[in-house]
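Asks: Residue numbers (my numbering): 23 to 155.
Glycine included, every Cβ here is placed at the ideal spot set by N, Cα and C.
Attaching a single structure in structure tokens format; questions to follow.
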Amino acid sequence: MRIIWTKKRATGREIVEEAQLSHDWSASTIKTLIRRLTDKDMIAVDKSEKVFTYIPVVAENEATDYNANRFFDSVCDAYKGTLLTALIKEEPLSKTDIQNIRAILDEREASAPDQVACHCLHEDDDSCAMVHH
């Protein structure tokens, strides 16, 4: 998807060539991925020319937000802060990103609890492995 989002339109050959620059995948593996993305309506195929051209159907920010939310829904509530801290330490951020994050944190700090409770199981929070990491 990254290739198609960046290029806006890409032929199968362009996708295969670009993907092979960063992944050790065979052309057939990449073509299978393209077919699956098409089957899932993530990309569309323009068949109007001799060579099939692939176009994104789902916007990058929508897909990214959806996947990030889906991932964070699977993470223990008590661990989310630790995970976000690690991401902030490691991922590239612009000064504007940092200012926006700082403003949100400043706003949320007043109503934040001292500790986030675990909701992984319907038991005592003491049973959570993430609380005691």
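For Val-67, count the other beta carbons within 10 Å of its own beta carbon; 16 or more makes it buried, fewer makes it exposed. Which is it?
Replies: exposed
Asks: When the Cα of Gly-103 is compared with those of Cys-140, Lys-53, Val-38 and Asp-63, which residue comes out closest?
Replies: Cys-140
Asks: Determine the extent of the beta strand (DSSP E) in which Asp-68 is found, giving its start and end residues.
Replies: If you look at Asp-68, you'll find it in the beta strand (DSSP E) that goes 65-68.
Asks: Give the range of the beta strand (DSSP E) segment to which Pro-78 is assigned.
Replies: 75-78
Asks: Looking at the secondary structure, which residues open and close the alpha helix (DSSP H) in which Ala-139 lies?
Replies: In this chain, Ala-139 is not harboured by any alpha helix (DSSP H), its DSSP state being neither H nor E.
Asks: Identify every residue that forms a DSSP beta bridge with Ala-32.
Replies: For Ala-32, which the question treats as bridged, DSSP gives the partners Tyr-76.
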